[in-house]
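Counting in our numbering, the sequence shown runs from 29 upward without gaps.
Beta carbons: idealized from backbone N, C-alpha and C, even for Gly.
So the structure is just underneath, and the comments pick up after that.
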Amino acid sequence: MKRLPLGISRLDRMIDGGAPAGSVVLLAGEAGAGAREFAYTSAVLNGLAGSAPDEFDRYYGDLESGTELPDAVHYVSFTDERAAIVDEMELVMDADLVDAGTDGVSVVELAESYFQLTPVPTDWYAERATDITELGRRTDRSDVLEALGEYLTEHAAGSLVVIDSVTDLVATADDRMAWSDLTVLLKGLKRAAHRWGGVVLLLVNAEALEPTELGRLKEATDGTLLFEWESGGSERARTLVVEQFRGVLSRLEDEDIVRFETAINDSGFDISNVRKIR
């Protein structure tokens, strides 16, 4: 089975090189527990492979046998612009690494589709202010889910795509779309992703969801990586649990791996320790 690197070298080596091509993976976690840092690292390191291969070898190392780099890397945001995303990445990772890596990342901003039916002033998110007369003439006010679907249809084949974030879509579920619209889109995405042969990472804050809502998202994806804070005495540690993942979980179960202890350093998200069943 062809695999694409997730960009976290220690994890990729444990799972035969990366995620199976055609996977939709949910990155779900508590605030600050590592899900966002995982997404940033995956995008930057895979982008680095295309923009600065020598630097990629230095930070990541050699690819495992049977692993292929994505054809392109896309980062989709519903609320933030490219400059803000890069600035936040630089708070997590070395600025030079982010600068080189994001040269190989296409950032798409769907803010206009996301905000256009909200009370948010147009000049807060649009390239230029729109007067009320022009606003009344506009006929291209496509739904944010349609805008997302159109972009993925055109660009997702063979690519790594990070969607930041499903939490933003959840926030609009009551006002502009039903929960069923979101889950049906994700199930359709799961079907299409198998044809596209890339990997799609869906970032979501688990604390913003009810257990049944999170369960529906898990059901609509191929894999779920759960990021949690774990307390031990006076210290807290970030941990990662692979809850489900076709073509990956069985490999970890064979090694009796139940939990990863993780860390955030200058090169981004990393695995610091592995817990096994004793």
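Check	Outcome
Contact between the segment 217–232 and the segment 132–139 (3+ Cβ pairs under 8 Å)	no
Residues near Glu162 by beta carbon distance below 6 Å, same chain, minus five either side	For Glu162, the predicted model reports a pLDDT of 42, less than 50, meaning its position is unreliable; a value from the coordinates is still stated below. Excluding positions up to five away in sequence, the list is empty.
Cβ contact check for the segment 246–257 and the segment 54–63: 3 or more pairs under 8 Å	yes
Whole-number beta carbon distance between Gly94 and Arg38, since they are thought to touch under 8 Å	Not quite, the Cβ-Cβ distance comes to about 18 Å (not below 8 Å), so this is no contact.
Residues of its chain near Val276, where Cβ-Cβ distance is below 6 Å and the 5 sequence neighbours each way are ignored	Ile43
heavy atom of the ligand GTP below 8 Å from Val52 C-beta	Among the components modelled here there is no ligand, and therefore nothing to report on the ligand GTP.
Stretch pair the segment 237–246 + the segment 66–85: three plus CB contacts closer than 8 Å	no
N-terminal and C-terminal residue of the alpha helix (DSSP H) that Ile299 is part of	Looking at the DSSP string, Ile299 is not in any alpha helix (DSSP H); the run it does join, the beta strand (DSSP E), is 296–304.
Secondary structure of Thr99, DSSP reduced to three states	Reading off the sequence, residue 99 comes out as Asp, not Thr. Coil, per DSSP.
Reduced DSSP secondary structure (H/G/I, E/B, other) of Asp238	The question names Asp, but residue 238 is Glu in the sequence shown. Coil.
Selected residue, minimal CA-CA separation from Leu237, among Thr107, Gly177, Thr195	Thr195
Residue burial classification, Trp65 (beta-carbon count within 10 angstroms, cutoff 16)	Residue identity differs from the one stated: residue 65 is Glu in this sequence, not Trp. Glu65 should be labelled buried.
For Leu213, the nearest candidate out of Leu176, Thr267, Ala291 (CA to CA)	Leu176
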